[in-house]
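Each residue of the sequence shown is one higher than the one before, starting from 139 at the first, in our numbering.
Built from N, CA and C at the ideal position, the CB exists for glycine as well.
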Amino acid sequence: MNYSRSILRDFENIFLTYTETFLNGDTEFDKNILLKKKHSLLVWRECRQLAEAENFSRRMAAIIEIAGLFHDIGRFAQLRGFNTFVDCKSINHGVLGREVLLKTKMLAALPERDRNIVFTVTKIHNERLLAGNFDGETLLVAKAVRDADKLDIIRVMLTEYAKGKLDGTVILHLEESDNISPRVLAHLKQGENPSIADFKTLTDFKLAQLAWIYDLNFKHSLREFKKREFYEQIASYLPDIPQVNVLCGQMLDYLNTGTAD
Ligand SMILES: [Fe+2]
């Protein structure tokens, strides 16, 4: 398949047509549909930039872009069905996303091999860690989409924190408290990315976003994380308490010395 820009535009139109059907006129609901639509489009852009920076082949770059655009396609049905983005209280939106792609045949124009990569990556993009037996191409696309997704979710959350008045759905209905939940703390101490299912407070979420540096796969992503001053910005919203400061110091050290491939 010749992956021209116009093929990518065709997929963008398919994506836009699908998401449009979810708007129902309820301002609060539509706001979150539009939030995920914008996120998907920006993850697509992040994917394009990452693929360029890392010099991937044209085919791999195109699959990464398409997977980036569709990775959260399950979010729309999740919000409509459950009015939440919390997977553990509703449905795994990665698994749902794969089902949506299968059912709607939105990716019918792709060669089977490439379509299957997008199906798998959509399904697994939100796992805490990439585990399982995946072929090299699937793994590469999954790593790229996960990095792009993280970079854009940080943008989403920083925008939300800056507003002051937080949207319950966007902050995953977390308690606005300085506490760090035990399981989150255990992962952070080990220099690991915590599990979203363990988040109880907004402080958990903010610290976990910093801890995403441990899970970034490409040099480009770590470079962008630094260039956009994500550490400084997220840290400015964290409570100034010893426990948090120790963890932040640990993450800042990694950021200054860490090496992603
Ligand atoms: Fe997602």
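Residue environment, residue i, which counts as buried when at least 16 other CB atoms sit within 10 Å
| i | result |
| --- | --- |
| methionine 139 | exposed |
| cysteine 226 | exposed |
| threonine 260 | buried |
| isoleucine 201 | buried |
| leucine 245 | buried |
| threonine 341 | buried |
| valine 384 | exposed |
| alanine 280 | buried |
| proline 377 | exposed |
| threonine 258 | buried |
| glutamate 367 | exposed |
| threonine 112 | Nothing can be reported for residue 112: it is not among the residues displayed for the chain, which extend from 139 to 399. |
| threonine 276 | buried |
| glutamate 190 | exposed |
| glutamate 370 | exposed |
| alanine 286 | buried |
| alanine 269 | exposed |
Which of helix, strand or coil DSSP assigns to residue i
| i | result |
| --- | --- |
| glutamate 362 | helix |
| glutamate 313 | strand |
| threonine 341 | helix |
| arginine 213 | helix |
| valine 233 | helix |
| aspartate 305 | coil |
| glycine 387 | helix |
| phenylalanine 223 | coil |
| leucine 139 | Correcting the residue type first, residue 139 is methionine in the shown sequence and not leucine. Looking at methionine 139 - three-state DSSP - the assignment turns out to be coil, as it is neither helix nor strand. |
| tyrosine 375 | coil |
| glutamine 347 | helix |
| arginine 253 | helix |
| glycine 163 | coil |
| alanine 199 | helix |
| leucine 267 | coil |
Contacting residues, own chain, Cβ-Cβ under 6 Å from residue i (five flanking each side not counted)
| i | result |
| --- | --- |
| serine 315 | Thr339 |
| leucine 348 | Ile372 and Met389 |
| valine 382 | Leu376 |
Sequence-distant residues of its chain with Cβ nearer than 8 Å to residue i (five each side left out)
| i | result |
| --- | --- |
| serine 319 | Asp336, Phe337, Lys338, Thr339 and Asp342 |
| leucine 173 | Val294 and Val308 |
| leucine 312 | Phe337, Lys338, Thr339, Leu340, Asp342 and Phe343 |
| leucine 267 | Asn331 and Asp353 |
| valine 283 | Val181, Cys185, Ile202, Ala205, Gly206, His209, Val259 and His263 |
Residue i CB to nearest heavy atom of ligand 2 below 7 Å
| i | result |
| --- | --- |
| leucine 326 | For ligand 2, the structure offers nothing, since it holds only ligand 1. |
Own chain, CB closer than 7 Å to residue i, minus 5 neighbours either side, in chain order
| i | result |
| --- | --- |
| arginine 197 | Tyr141 |
| alanine 199 | Ala189 |
| leucine 393 | Ile351, Lys364 and Tyr369 |
| valine 238 | Ile211, Gly212 and Ala215 |
Exercise. Can you list every residue whose CB sits closer than 7 Å to some heavy atom of ligand 1, going in chain order?
Worked result: His209, Asp210, Arg213, His231, Gly232, His263, Asn264 and Asp287
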